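Our numbering puts the first residue of the sequence shown at 1, with every later residue one more than the last.
From the three backbone atoms N, C-alpha and C, an ideal C-beta is built for every residue, glycine too.
Predicted model only: the values in this text are computed from it and were never measured.
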Amino acid sequence: MKDLKLTLYDWLGYLIPGTILLTCIYYVLKGTEFLNGFNFDQNFINGFIFFTMAYFSGHVIHSIANYTIDLFSFGGYPPKEYFIKKFQNDLNTNQIDAISMILVNKFNIKPGENKIDDLKNNYWLCYANVVEMKEDSLTQTFLNLTGFYRGSSISAILSSIILITKSFLVPDNMSFIALGIVLLISSFLLFLRTKRFK
Numbered sequence: 001m002k003d004l005k006l007t008l009y010d011w012l013g014y015l016i017p018g019t020i021l022l023t024c025i026y027y028v029l030k031g032t033e034f035l036n037g038f039n040f041d042q043n044f045i046n047g048f049i050f051f052t053m054a055y056f057s058g059h060v061i062h063s064i065a066n067y068t069i070d071l072f073s074f075g076g077y078p079p080k081e082y083f084i085k086k087f088q089n090d091l092n093t094n095q096i097d098a099i100s101m102i103l104v105n106k107f108n109i110k111p112g113e114n115k116i117d118d119l120k121n122n123y124w125l126c127y128a129n130v131v132e133m134k135e136d137s138l139t140q141t142f143l144n145l146t147g148f149y150r151g152s153s154i155s156a157i158l159s160s161i162i163l164i165t166k167s168f169l170v171p172d173n174m175s176f177i178a179l180g181i182v183l184l185i186s187s188f189l190l191f192l193r194t195k196r197f198k
């Protein structure tokens, strides 16, 4: 248990997107009967509850990202067009054969009928092995920032939907629709950053 600690990915990928969404939900529910049971004078208890809920909300947000952002051609790990370009431009037959031999010798993975499919299926195993040997790898930084942009773009779009929906239910309240539009624009900009990171 002493090795269990929050990483930068937990903060950037889960807590910040979860906090964005929960703050939006709180803003929408503030003053309603739903929140009457909460005593917001107990700062520590409420802070701990919010922190925990934000963390788990971040996981839910990333689950949504897995079924939305990953459907785009640039989405997923690695992007769908990655292998097409790699095998056409970067890897020749000898290199593919060499990587296949590494899979057999180092990882004891029996080759299938198609070597390219074997490489696709074991991409992360090979990649992690290479990164592990590089002392100056920026992989974790890349993953932290990718997680932040993925989570924040989904969180902002969900928040904008909630706020714009609320604006239709509360007449003469422009603050909901204005904040919803700001978050909608933010989600688009964050989405563009997510695409760039791929």
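Query, Result
"In terms of residues, what are the limits of the alpha helix (DSSP H) holding glycine 13?", "No alpha helix (DSSP H) holds glycine 13; DSSP gives it neither H nor E."
"Helix, strand or coil for aspartate 70 per DSSP?", "helix"
"Would you be able to state if there are at least three C-beta pairs under 8 Å between the stretch 56-72 and the stretch 138-153?", "yes"
"Only counting the same chain, and skipping five residues up and downstream in sequence, which positions put a Cβ closer than 6 Å to that of leucine 179?", "Leu163"
"Please report the Cβ distance between glycine 58 and tyrosine 14, rounded to the nearest whole angstrom; I am assuming they are in contact, meaning their Cβ atoms lie under 8 Å.", "3 Å"
"Taking the alpha carbon of tryptophan 11 as the point to measure from, which residue in Phe148, Phe168, Ile116 and Ile64 has its own alpha carbon closest?", "Phe148"
"Using only alpha-carbon positions, find the residue among Lys30, Thr52, Leu8 and Tyr9 that is nearest to threonine 19.", "Thr52"
"Check whether the Cβ atoms of tyrosine 9 and leucine 143 lie closer than 8 Å to each other.", "yes"
"Can you tell me whether isoleucine 109 is helix, strand or coil according to DSSP?", "coil"
"CA-CA distance, isoleucine 102 and glutamate 113?", "16 Å"
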